[in-house]
Every structure is written in structure tokens, then in C-alpha cells.
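Novice: Numbering (my numbering), first residue to last: 1 to 84.
We put the beta carbon where it would ideally sit given N, CA and C, even for glycine.
Bear in mind that the values here come from a model prediction, so they are computed numbers and not experimental data.
My questions will all concern the structure given below.
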């Protein structure tokens, strides 16, 4: 694969992971607000916890893939015939 294409794939993938992290931050902020409200936890707590769990799963998969891609890219650039 062309290096420029590899870099673009890595850039887009890292942006996607960043988007997932932002979504997790927003969900955790909402959860913190719900849990800090007086009285018993609101009914939305279960939904927010489910969203956190789903984001955790997606983040785990996507970060693993990103790290693998990055590793292979770095390895390829260091050992390839046209190494940087």
C-alpha cells in the first residue's frame, strides 16, 4: 500500500478513535450529573451505563486495530527498501 494512503488511513482511524473518546467523555459527564443530583439515581442511569459499556467495547476494538496498523506502518517504514 502506498505510504500516503497508509498515513491517511491511520489519520482517519485515529480521528475515529478520538470521536469515540469524545462520546465517552460526554456520556460520563452526563452520568456524573445524574449521579450527583439529589435523591435516588434517575431512571436514565441504566441507559448511560449501557452506553459506557458499548463505548468501552468499541474503543477496545478500535484502539487495538489502530495500534496494530501503526505498528505495521512503523515497522514497514523502518525496514522497507524506501525507508524514510
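Do residue 20 and residue 59 have their C-beta atoms within less than 7 Å of each other?
Specialist: In contact: residue 20 and residue 59 (Cβ atoms closer than 7 Å).
Novice: Closer than 6 Å by C-beta to residue 51: which residues in its own chain qualify, once you throw out the five before and the five after it? Chain order, please.
Specialist: Cβ neighbours of residue 51 beyond the five flanking positions: 27.
Novice: Consult DSSP for residue 46 and reduce its assignment to one of helix, strand or coil.
Specialist: Residue 46 falls in the helix class under three-state DSSP.
Novice: Are the region 27-44 and the region 3-12 in contact at 8 Å, needing three or more beta carbon pairs?
Specialist: No, because fewer than three Cβ pairs between the region 27-44 and the region 3-12 fall closer than 8 Å, the two stretches do not touch.
Novice: Using a threshold of 7 Å, state whether the C-beta atoms of residue 10 and residue 55 are closer than that.
Specialist: For residue 10 and residue 55, no; Cβs fall outside 7 Å.
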